[in-house]
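Enquirer: In this note's numbering, the protein residues as written are 1 to 264. Even for Gly, the Cβ is constructed at its ideal location relative to N, Cα and C.
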Ligand SMILES: [Zn+2]
Ligand SMILES: [Zn+2]
């Protein structure tokens, strides 16, 4: 089984990606209800029991709401999370998977992967992004896949992980004007914009403008708000990135279409 990485979905209605490498199958987040998750896995020819492990970023439902249904079909599933996230999920969902606890910021080895969970500023217990170094396969060097959504701002640590990525999933949550004009209550607007909220289109663009990221081959803009953003807006902003970095493929995950995307 060769390397593949599919984003099945990334938006506030669910985040889930499938990483296949080194003969194993991993999920990053499992925020789909069962019908969508099972359909997404089936389209890739994956049975639930073939999943070796799940890496969970934080306890919000759009990142782990599908865990109970998946565990029901695959009770031996290994679930990697930090202690605080595991505690919250255990309390919220009444699930008791085989937790594989890690410390935020401390790299660890997981079934052939070298994983660095890095802290991200977001209103959850101990939220993380993941930088996952895959093993080399068939003579090609292993890819570094980095998942970075749900962050109120880009910290130096997050920036460093974006710079080191081969494949990057980066949040581009809201358009400032659409958020202003939305019917959302003022406190929610403030929460989204806050230091521990979500990343705006301009903040994502600013990061991509300013990082060196010599190895970056593919960036996927994700976690777009359905109410306060449009894929066409993000796509328009990315014209600058495409022009400046012709070697980098840029994909925008449209939350209104929710078509799975393969990032190569
Ligand atoms: Zn989220
Ligand atoms: Zn969240």
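Give every residue of the same chain whose Cβ lies closer than 6 Å to the Cβ of residue 112, excluding the five residues on either side of it in the sequence, and list them in chain order.
Expert: Counting only Cβ-Cβ distances below 6 Å, and skipping sequence neighbours, we find 22 and 135.
Enquirer: Taking contact to mean at least 3 C-beta pairs separated by less than 8 Å, is the stretch 179-196 in contact with the stretch 235-245?
Expert: No: fewer than three Cβ pairs fall under 8 Å.
Enquirer: Does the Cβ of residue 167 have 16 or more other Cβ atoms within 10 Å, making it buried, or fewer, making it exposed?
Expert: Buried: at least 16 other Cβ atoms inside 10 Å.
Enquirer: Tell me whether the beta-carbon of residue 164 lies closer than 8 Å to the beta-carbon of residue 148.
Expert: Their beta carbons are not under 8 Å apart, which means residue 164 does not touch residue 148 by this criterion.
Enquirer: DSSP three-state call for residue 233: helix, strand or coil?
Expert: Residue 233 falls in the helix class under three-state DSSP.
Enquirer: Which class does residue 6 belong to by DSSP, given the choice of helix, strand or coil?
Expert: Strand, per DSSP.
Enquirer: Taking 7 Å as the cut-off, does the CB of residue 182 come closer than this to any heavy atom belonging to ligand 1?
Expert: No, ligand 1 has no heavy atom inside 7 Å of this Cβ.
Enquirer: Whole-angstrom Cβ separation of residue 27 and residue 7, contact assumed at under 8 Å?
Expert: Residue 27 to residue 7, Cβ: 11 Å. No contact.
Enquirer: At 3 residues or longer, what runs of the beta strand (DSSP E) sit wholly inside the stretch 55-89?
Expert: For the stretch 55-89, whole beta strand (DSSP E) runs of length 3 or above, ordered along the chain, are 78-82.
Enquirer: Measure the alpha-carbon distance for residue 202 versus residue 175 and round it to whole angstroms.
Expert: About 8 Å.
Enquirer: Using CA coordinates, which residue listed in 41, 69, 228 and 33 is at the minimum distance from residue 5?
Expert: Measuring from the Cα of residue 5, the nearest candidate turns out to be 41.
Enquirer: Pull up the distance between the alpha-carbon of residue 66 and that of residue 37, whole angstroms please.
Expert: Cα-Cα distance, rounded: 8 Å.
Enquirer: Cutting at 6 Å between CB atoms, please list the residues of its own chain near residue 98, excluding the five before and the five after it.
Expert: For residue 98, where only same-chain residues beyond five positions count, the Cβ hits under 6 Å are 78.
Enquirer: Consider the C-beta atom of residue 196 and the heavy atoms of ligand 2; say whether any pair is separated by less than 7 Å.
Expert: The answer is no for residue 196.
Enquirer: Is it the case that the CB of residue 149 approaches a heavy atom of ligand 1 more closely than 7 Å?
Expert: Yes; taking the cut-off as 7 Å, the Cβ of residue 149 has a heavy atom of ligand 1 nearer than that.
Enquirer: For residue 19, which of 181, 51, 34 and 150 has the nearest alpha-carbon?
Expert: When only C-alpha atoms are compared, the closest one is 51.
Enquirer: Count the other C-beta atoms from every protein chain shown that fall within 10 angstroms of the C-beta of residue 103, then say buried if there are 16 or more, exposed otherwise.
Expert: Result: exposed.
Enquirer: Closest to residue 93 by C-alpha separation, out of 231, 57 and 68, would be which residue?
Expert: Selected option, being the one with the closest Cα: 68.
Enquirer: Nearest to residue 45 by CA position, among 245, 25, 29 and 91, is which residue?
Expert: Nearest option by C-alpha distance: 25.
Enquirer: In chain order, what residues of the same chain lie with their CB nearer than 8 Å to the CB of residue 74, ignoring the 5 residues before and after it?
Expert: Closer than 8 Å at the Cβ level, and outside the excluded window around residue 74, lie 48, 49 and 51.
Enquirer: Among 133, 125, 71 and 60, whose alpha-carbon lies nearest the alpha-carbon of residue 114?
Expert: Nearest of 133, 125, 71 and 60 to residue 114, Cα basis: 133.
Enquirer: Count the other CB atoms, across all protein chains shown, that sit within 10 Å of the CB of residue 39; report buried if there are 16 or more and exposed otherwise.
Expert: Per the 10 Å Cβ criterion, exposed.
Enquirer: How would you write the range of the alpha helix (DSSP H) that residue 188 sits in, first residue to last?
Expert: Where residue 188 is concerned, the enclosing alpha helix (DSSP H) stretches over 186-193.
Enquirer: For residue 124, is the beta carbon positioned less than 7 Å from some heavy atom of ligand 2?
Expert: Yes, Cβ of residue 124 sits closer than 7 Å to a heavy atom of ligand 2.
Enquirer: What residues in its chain sit with their C-beta under 8 Å from that of residue 226, if we drop five residues either side in the sequence?
Expert: Hits under 8 Å: 11, 12, 13, 255 and 256.
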